[in-house]
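*Asks:*
Residue numbers (the numbering used here): 8 to 170.
See the structure below:
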């Protein structure tokens, strides 16, 4: 939700401008530093925060309640299920500092073309997801996934490949 009237008005006009290009962003969504290449649908209650930028390819769909943060690139024809988190940073773990005072480790995330990310998936920093990948519901992705793999679990493991 925007913090004040001025940012509400700015968000309204930005969403209106994007809608003319085929990008539909529903209510209660926030987005910063995000570039849309083609058509996209973003369902309600999503947060998209590029740090430095999130690049979203053509024919993109993201269901409700998702959070994207970091330096992320999506290919075309990507579908993301509800309540998915794609997070491009985490804390260091130096034993000589309290956890709340740790610096961040930041790494780019890349998602290929024709990818289906199911509900409640978590994708962590530095991961490269290949073309045609399917990620099962509730999976936690911590390593790269090759093209056309189907992965499930925590941590996500390959169970087979798409034919």
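Even for Gly, the Cβ is constructed at its ideal location relative to N, Cα and C.
1) Excluding the five sequence neighbours on either side, which residues of its own chain have a C-beta within less than 6 Å of the C-beta of residue 162, listed in chain order?
2) So, using beta-carbon positions, are residue 126 and residue 88 closer together than 8 Å?
3) Thinking residue 90 and residue 65 are a contact (beta carbons under 8 Å), I'd like their distance in whole angstroms, please.
4) DSSP state of residue 146, grouped into three classes?
5) With a threshold of 8 Å on Cβ separation, who are the neighbours of residue 8 within its own chain once the five nearest residues in sequence on each side are excluded?
6) Per DSSP, what kind of secondary structure is residue 14 in: helix, strand or coil?
7) Under a three-way DSSP split, which group does residue 131 fall into?
8) When the Cα atoms are used, what is the spatial distance from residue 17 to residue 31?
9) Just checking my contact of residue 189 with residue 79 at CB under 8 Å: how many whole Å lie between their CB atoms?
10) Can you tell me whether residue 11 is buried or exposed, with buried defined as 16 or more other CB within 10 angstroms of its CB?
11) What are the partner residues of residue 186, as DSSP defines its beta bridges?
12) Mind checking whether residue 132 and residue 154 have CB atoms under 8 Å apart?
*Replies:* Taking the definition as stated:
1) 147 and 149
2) yes
3) That pair is no contact at about 24 Å.
4) When secondary structure is reduced to three states using DSSP, residue 146 falls in the coil class, being assigned neither helix nor strand.
5) Here residue 8 scores only 46 on pLDDT, less than 50, and its place in the model should not be relied on; the value that follows carries that caveat. Counting only Cβ-Cβ distances below 8 Å, and skipping sequence neighbours, we find 35 and 37.
6) helix
7) Here residue 131 sits in coil by DSSP.
8) A direct Cα-to-Cα measurement between residue 17 and residue 31 gives close to 16 Å.
9) No answer is possible for residue 189: it lies beyond the span of the chain, which begins at 8 and ends at 170.
10) exposed
11) No answer is possible for residue 186: it lies beyond the span of the chain, which begins at 8 and ends at 170.
12) no
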